[in-house]
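Here this note's numbering is used: the first residue of the sequence shown is 665, the next is one more, and so on. Heads up, the beta-carbon is just placed ideally off N, CA and C, and yes, glycines get one too. Quick notes on the structure that follows.
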Amino acid sequence: EEDWSRVAGILGLPPNAHGMQMALTHGKGKKVGLKRKFASEGYIFLSFISDYYRIEMDRLWFYIEKKFTLNDILLAVNLGAHQRISFELLLRDRERGLDWSMILKQRNIREEKLFLPFKSEKKYKNKPAIK
Numbered sequence: 665e666e667d668w669s670r671v672a673g674i675l676g677l678p679p680n681a682h683g684m685q686m687a688l689t690h691g692k693g694k695k696v697g698l699k700r701k702f703a704s705e706g707y708i709f710l711s712f713i714s715d716y717y718r719i720e721m722d723r724l725w726f727y728i729e730k731k732f733t734l735n736d737i738l739l740a741v742n743l744g745a746h747q748r749i750s751f752e753l754l755l756r757d758r759e760r761g762l763d764w765s766m767i768l769k770q771r772n773i774r775e776e777k778l779f780l781p782f783k784s785e786k787k788y789k790n791k792p793a794i795k
């Protein structure tokens, strides 16, 4: 709980923001909770993928709307970056019903590449947000 209080302080949120969010989301007509919803975890994750791999959010949202999972999108984007091929081609393979092992075999890619993180050109400071 102490960690959350520090995170809330850094973000400028009230210490009970999570409870207020739950009240807003699940409250039964009560006028309690936050005035607005926070961004969903999925949106935040997609935003990170967009930033890290330098892909426009609209391109990623297109695949979310086509009901691809965040896992499939991330695997396709990461593998595409490693292999210098469009992540969209990999997602088309998934759409055709191929699983990841079949895609790797078909494209002659070693299995380790699927989970090996791509080193972004973008530089991030590796300083902890909380001390």
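Here the region 755 to 765 makes no contact with the region 779 to 786; the two share fewer than three CB pairs at distances below 8 Å. Contact annotation: F712 and L734 have beta-carbon atoms that are not nearer than 7 Å. Counting only the Cα atoms, F726 lies some 19 Å from A745.
Relative to Q747, the option among D722, Y707, R774, R723 whose CA is nearest is R774. The beta carbon of L724 sits closer than 7 Å to the beta carbons of L710, I713, S714, I737 from its chain, once the five residues preceding and following it are set aside; these are given in chain order. CA-to-CA, the gap between M766 and L754 works out to about 11 Å.
Per DSSP, the unbroken alpha helix (DSSP H) holding S765 starts and ends at 764 to 770. In this structure, DSSP gives L754 a helical state, which the three-state scheme calls helix. Bounds of the alpha helix (DSSP H) holding F709 are 705 to 717. For E729, the enclosing alpha helix (DSSP H) starts and ends at 721 to 729.
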